[in-house]
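Sequential numbering from 62 applies to the sequence shown in the numbering used here.
C-beta atoms are modelled at their ideal positions from N, C-alpha and C, and glycine is treated no differently.
Predicted model, so just to flag it, every value in this text is computed and none were measured.
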Amino acid sequence: MSAKPPIVDATDALIKVTHPGHAAAGIPGVVHSMGPALAQLGARRTIALMTSINQKEGFDCMSCAWPDPDSRKTLEFCENGAKAVVWEATPITVPTSFWAEHSVDDLAGKSEYWLGLQGRLTEPVYKAAGADHYRPVSWKEAFAIAGTALRELDSPDQAAFYTSGRASNEAAFAYQLFVRAFGTNNLPDCSNMCHESTGTALSEVIGIGKSTVSYDDFEQADLIIIMGQNPGTNHPRMLTALEDAKRAGASIVSVNPLPEAGLQHYKNPQTVRGLIGKGTALADQFLQIRLGGDMALLQAVSKRVLEAEAAHPGTVLDHEFLKEHCVGLDELAVHLAQLDEEEVLAATGLTSTEIDELADRYLRADRVIITWAMGVTQHKKAVAGIKEIVNLLLLRGNIGKTGAGASPIRGHSNVQGDRTMGIWEQMPDSFLDALEREFGFEPPRKHGVDSVHGIRAMQRGDIKLWVSLGGNFVGAISDTAAAEAAMRGTELTVQISTKLNRSHAVTGAAALILPTLGRTEIDRQQGGVQFVTVEDSVCAVHASRGRVEPVAPDLLSEVAIISRLAQATLGPDSPVDWAGFENDYDVIREHIANVVPGCAEYNEKVRRPAGFVLPNGPRDSRTFPTAVGKAVLTVNTLETIECPPGRLLLQTLRSHDQFNTTIYSRNDRYRGIKKGRDVVFVNPDDLADLGLEDGQHVDVFSEWPGQPDRVLRDFRAVSYPTARGCAAAYFPEANVLVPLDSTAEGSNTPVSKAVVVRLEPALVPAQ
């Protein structure tokens, strides 16, 4: 179905493989963060930025949504945060001559890494239908093109408006308001591809799709179970919180198919022991689980908890909590009593002794946090698996008390805030009613498309125009070949971006790129210097203020671009004061206060030094706004993934020098990879069983019933300590292997963590 995607560089023939790392951060972390900053930004710009990142009067880091402690260090950032700042705040800009020198076809042949290195976008550009080059246009012309195209659609539902988690709360609120005033709920976003399973599951069983812990809960926990998550690469500041928890007496368990360096040892670069000592050993137990085995493990532990209660009645379960706040205990107990231990062991690849140890840790702990990321959410049974996390927590009252709770960790800085502000294709009627009261128009009620359904709608020709507020949709979505073909079938694509990525090279017949300010940059409007707000993984909302001058004088902010696009599309009769939105973001925040639950007095609260925390019933008062008014223990049928003989289960993952689809370098020092990304990690015993050798070049085929195989050509097999039967390859290169039809039940999230693949010797081995 697909040949090797063009986003891979020929220089991957120079790949060097060494041993995986066993510790994260330390002196190498300092070198790899500050070295590039000083080299690319200079000392003055580096100091201004690095002393402002994640500070109360500074800007919020764009590299993850990890929360901030109340008491902050002078340097409150991690290696990846520094890299994200350097990537955005670079003084290198794309010159006007670039667009004549590079056709769209030429850009389509470049890698994500190359595209990102070209620098910041500084002027609007337009590719007309039939043309193969972008050309610079004025802002006025750009908005006229987009506005005319939107107005000429037969129906508002022929357009879709994608959002990435980089957008601020103000931009997100204005964006969804524009889209709904235009007349559609087609608001796919990056949540659809990452934590949609989390939101779906938690909303059903505890009534809110968000974390039930605070930052301080980590240091007060007795046990922290980390599932399907790599903090060392994806949100390294979490390692400091884990170190604090460990030194306060917490036990930490890592559940992952891959050993992760950061969860083995953390060398905190802001402590002496981290710089010159061995650092802190974090994980007390490592459960190397088979891909897709999380649900079986959780059920097995819950069964052991119930058995312990049966052996010692009244001493194990939190009966008072269960009686007052929960339903479903009896049904769950009956169901788990029938759980087949042999099926559990086959699904998890673990031993009964390992599961017993985890159950014993849970039973000895009074306060337990379970935290997870996409290693849990991107499975077919992800929603059911997350419900099992909640089941285990509820049995001993580990929600709504200090040092305990459910903790999904978001990977994008404001993806949670976007959803709070209305970026969702299925916002409830209560939110739409509030919009109607506030602005005097009737919002559309029919649910819109999510990311996967958006591809399907483009394939059918139902969506003809695609607008992206940030992000790199075709780079991030599953089934690369299908997604790119669908995008190329549209009439117009509009990208609001800071830098080039794959989505600027895979366009509709016509295409616009609208360059925007970065989060690091000072945002001046008619009403003065503006700030924006974001929400982190623990529901804390705070201000973010750019600290350096923009890289170009004519850049517009996201809010300004949205406001002008709305005016060009909706005309002067719109009931919304779009010009007022652009001039003074306080105007937007006043509307947020009136529309968004929990945001009363928004302008006042976000001006507090640490912002404010949104109300959270399960966490704050053990109230659960579910359909039955209580937390729900659920019965979920275990379904073991069947992998045919000679096949492996493959997961996609990020390298260390990477943020989402942005590639900072072609190295992954924690996994021992240098100068390339065309690798597939395979257990050495599996390589031997398949008749392959470490370092051999292979073709990777994914199999899906009734469809031709998808294939990655000429990847290097790397012998690696993965779980038996499991393999891994880097995202976004391996997205081509993930079938569009393979999605999680209930959330429609692409199943990127359990792809059935076979490896064959490369058809054309590398020279």
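Residue span of the beta strand (DSSP E) that contains residue i, given as start and end
i, result
"residue 332", "That residue, residue 332, is in no beta strand (DSSP E); it is neither H nor E in DSSP."
"residue 771", "771–780"
"residue 762", "758–763"
"residue 601", "601–605"
"residue 447", "Residue 447 -> not in any beta strand (DSSP E); alpha helix (DSSP H) instead, spanning 443–456."
"residue 363", "Looking at the DSSP string, residue 363 is not in any beta strand (DSSP E); the run it does join, the alpha helix (DSSP H), is 355–372."
"residue 466", "466–469"
"residue 322", "No beta strand (DSSP E) contains residue 322, which is instead part of the alpha helix (DSSP H) from 322–325."
"residue 819", "816–822"
"residue 312", "312–316"
"residue 560", "Per DSSP, residue 560 belongs to no beta strand (DSSP E) and is neither H nor E."
"residue 429", "429–433"
"residue 223", "220–224"
"residue 869", "Within the shown structure, residues of the chain are numbered from 62 to 828, placing residue 869 beyond reach of any answer."
"residue 309", "Counting along the chain, residue 309 falls outside any beta strand (DSSP E), and DSSP gives it neither H nor E."
Selected residue, minimal CA-CA separation from residue i, among the options
i, options, result
"residue 285", "259, 316, 474, 126", "316"
"residue 269", "489, 525, 544", "489"
"residue 560", "142, 83, 148", "148"
"residue 707", "717, 743, 729", "743"
"residue 462", "262, 721, 282", "282"
"residue 816", "712, 730, 369, 591", "712"
"residue 503", "481, 244, 211", "244"
"residue 153", "129, 512, 98, 117", "98"
"residue 541", "386, 441, 483, 797", "797"
"residue 723", "506, 537, 612, 200", "537"
"residue 606", "362, 129, 787, 118", "118"
"residue 642", "689, 611, 589", "589"
"residue 353", "414, 441, 637, 638", "441"
"residue 508", "645, 486, 195", "486"
"residue 525", "215, 187, 163", "215"
"residue 808", "447, 662, 363", "447"
Beta-carbon proximity of residue i to residue j, cut-off 8 Å
i, j, result
"residue 664", "residue 600", "no"
"residue 598", "residue 126", "yes"
"residue 85", "residue 322", "yes"
"residue 698", "residue 404", "no"
"residue 581", "residue 120", "yes"
"residue 760", "residue 773", "yes"
"residue 39", "residue 142", "The requested residue 39 does not occur in the structure, where the chain is confined to residues 62 to 828."
"residue 343", "residue 393", "no"
"residue 155", "residue 178", "no"
"residue 595", "residue 682", "no"
"residue 280", "residue 306", "yes"
"residue 184", "residue 615", "yes"
"residue 312", "residue 212", "no"
"residue 247", "residue 218", "yes"
"residue 411", "residue 358", "yes"
"residue 221", "residue 623", "no"
"residue 513", "residue 806", "no"
"residue 730", "residue 738", "no"
"residue 775", "residue 812", "no"
"residue 437", "residue 288", "yes"
"residue 609", "residue 242", "no"
Host alpha helix (DSSP H) of residue i (start-end)
i, result
"residue 241", "230–243"
"residue 384", "380–386"
"residue 405", "402–409"
"residue 188", "No alpha helix (DSSP H) holds residue 188; the beta strand (DSSP E) holding it covers 186–188."
"residue 205", "200–212"
Distance cut-off 7 Å: residue i Cβ against heavy atoms of the ligand ADP
i, result
"residue 655", "In the structure shown, the ligand ADP is absent, as is every other ligand, since no ligand is present at all."
Subject >> Touching by the beta-carbon criterion (3+ pairs, under 8 Å), the segment 223–242 and the segment 525–543 >> reply: yes
**OP:** Say whether the segment 675–693 touches the segment 454–472, bearing in mind that this needs 3 or more beta-carbon pairs closer than 8 Å, one atom from each stretch.
**Re:** yes
Subject >> Length at least 3, wholly inside the segment 479–542: the beta strand (DSSP E) runs in chain order >> reply: 526–530
**OP:** Within the segment 247–301, note down every full beta strand (DSSP E) run reaching 3 residues or more, in order along the chain.
**Re:** 284–288
Original post:
Which residue spans inside the segment 629–716 form an unbroken alpha helix (DSSP H) run of at least 4?
Top reply: 639–644, 646–656, 663–666, 678–682
Original post:
At what residue ranges does the segment 107–170 contain a whole run of the alpha helix (DSSP H), taking only runs of 4 or more?
Top reply: 140–150, 158–162, 165–169
**OP:** Report the residue ranges of all beta strand (DSSP E) runs contained in full by the segment 565–596; include only those spanning at least 3 residues, in chain order.
**Re:** 571–576, 584–586, 589–591, 593–596
Original post:
Are three or more beta carbon pairs between the segment 259–276 and the segment 465–473 nearer than 8 Å?
Top reply: yes
Subject >> Cβ pair count under 8 Å reaching 3, the segment 542–551 against the segment 569–580 >> reply: yes
Subject >> Given 8 Å, three or more beta-carbon pairs between the segment 785–799 and the segment 712–726 >> reply: yes
Original post:
Counting pairs of Cβ atoms below 8 Å between the segment 508–525 and the segment 793–812, do you hit three or more?
Top reply: yes
Original post:
Quick one: any contact between the segment 422–431 and the segment 324–334, if contact means 3 or more CB pairs under 8 Å?
Top reply: no
Original post:
Would you say the segment 761–781 touches the segment 724–744, given that touching needs at least three Cβ pairs under 8 Å?
Top reply: yes
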